[in-house]
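Working notes, beginning with the structure itself.
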Amino acid sequence: MMGFQPLIAALLCIFARLCQGEDHVQIACRSRFYPHNVTCHWTLDEEYRPASEVHAVYRLGKVEKKCQKSNPSFRSCTLSDLILFSNSPYTIIVNASTPLGKVTGRMQFIVEAIVQPDPPSHVEVEQVPGCDTCVHVHWKKPASYTAGDRVQFQYFLQYRQQHHHEGSWSEIPQRKQRANITDARPGAVLNVRLAAKVIRKGKKSPWSKSVAITPWLERIRTTVSPSETTFSCISRHLKLTTQEQAMTDASTGGSPLTVHRVTNLHILSMVFTTALIL
Ligand SMILES: *[C@@H]1O[C@H](CO)[C@@H](O)[C@H](O)[C@H]1NC(C)=O
Ligand SMILES: *[C@@H]1O[C@H](CO)[C@@H](O)[C@H](O)[C@H]1NC(C)=O
Ligand SMILES: *[C@@H]1O[C@H](CO)[C@@H](O)[C@H](O)[C@H]1NC(C)=O
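Just so we're aligned: the sequence shown equals residues -21 to -1, 1 to 257 in mature numbering (1 follows the signal peptide of the UniProt record, and there is no 0).
Shown next as structure tokens:
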């Protein structure tokens, strides 16, 4: 049970706002570029701002290093040359001199537990010709990682119908950098987003911006005018199924194959005419 004196002290602290406890500096650490470095950011509770002087150090076991003052405001510290898979945690300690006295913040972490990459980059969606419930999605590693990095990622792909905000996201976990959605609703706009996670370490990245796509639509008898927006979603990979369509496309400067054939015919007829003359 809490004694009487500590209770009084705590109350006095709250009212006087003059405590030198460890509760007035909030520290958050994240390894966004694992295994290269860890960055810790700190903020002072509002009533303790501005700090006239800040000192920060980090420790692992008996080794202590000073954080370099990165910029005049000095609100973060980056630790590099990390000791990975250490059993003992890193400790970061931040001291600040404030108008209300000195305050200290302290935070402990194991590097592997605070790994959190950026979202995947280059998220792209494509229609799958011939399938009105399918969408093909591909993406790249988080932009902060280069080809030289050996880090392995796991990805989380989520999708749901647009304008269905209360609807929950369906999720596909994935190790590759591509996936096929096969249960989209025909004709409906689908939103797709991705997160990345370093395999077996830390937590998922934030979600990427979501990308919208309408699955491939079959071009049918419909009476809708071609200027209607539904047609803008029709795949360019549409196969020409009838002669009629092939001719329409050729006349509007369509597929190179048709043009080629026309040219061949032209040459043939020239050869034929030449032969006749001779
Ligand atoms: C952390 O490491 C990454 C990858 O090597 C690098 O791009 C970034 O600049 C480093 N961060 C700091 C603050 O040094
Ligand atoms: C922070 O303050 C504590 C208590 O005043 C002191 O023992 C410690 O050396 C200080 N650390 C830094 C990095 O200034
Ligand atoms: C997705 O579908 C495309 C086209 O149908 C196919 O070529 C590809 O192999 C599929 N990819 C995956 C990851 O299933």
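Heads up, the beta-carbon is just placed ideally off N, CA and C, and yes, glycines get one too.
Between residue i and residue j, what straight-line distance do the alpha-carbon atoms span, to the nearest angstrom?
| i | j | result |
| --- | --- | --- |
| S76 | V168 | 55 Å |
| D24 | A191 | 41 Å |
| C56 | S187 | 26 Å |
| P14 | H143 | 39 Å |
| I89 | L58 | 13 Å |
| A7 | V82 | 16 Å |
| D111 | K120 | 28 Å |
| L39 | K182 | 23 Å |
| S123 | P98 | 9 Å |
| G109 | A175 | 30 Å |
| R164 | Y138 | 11 Å |
| P51 | S31 | 11 Å |
| T161 | R154 | 18 Å |
| Q5 | E197 | 56 Å |
| T22 | T193 | 44 Å |
| Q140 | G146 | 8 Å |
| K44 | P185 | 31 Å |
| S189 | G166 | 18 Å |
| V42 | E150 | 44 Å |
| A126 | S100 | 13 Å |
| D2 | N74 | 12 Å |
| H20 | P29 | 16 Å |
Short check: CB of residue i to CB of residue j, under 7 Å?
| i | j | result |
| --- | --- | --- |
| V104 | V114 | yes |
| Y37 | Y69 | yes |
| Q156 | W195 | no |
| L173 | Y134 | yes |
| V33 | F53 | yes |
| Q95 | R9 | yes |
| A158 | V116 | yes |
Let me know the secondary structure DSSP gives residue i once reduced to three states.
| i | result |
| --- | --- |
| I62 | coil |
| E103 | strand |
| Y27 | helix |
| V90 | helix |
| L39 | strand |
| L196 | coil |
| G84 | strand |
| P68 | coil |
| R179 | coil |
| S55 | strand |
| R164 | coil |
| K48 | coil |
| R9 | strand |
Would you mind giving the Cβ-Cβ distance between residue i and residue j, rounded to the nearest angstrom? I have them listed as a contact below 8 Å.
| i | j | result |
| --- | --- | --- |
| I93 | R85 | The pair is not a contact, with the Cβ atoms about 15 Å apart (cut-off 8 Å). |
| F132 | V177 | 6 Å |
| L61 | N16 | 7 Å |
Every unbroken beta strand (DSSP E) within the stretch 127 to 158, with a cutoff of 3 residues, ordered by chain: 132 to 140, 149 to 153
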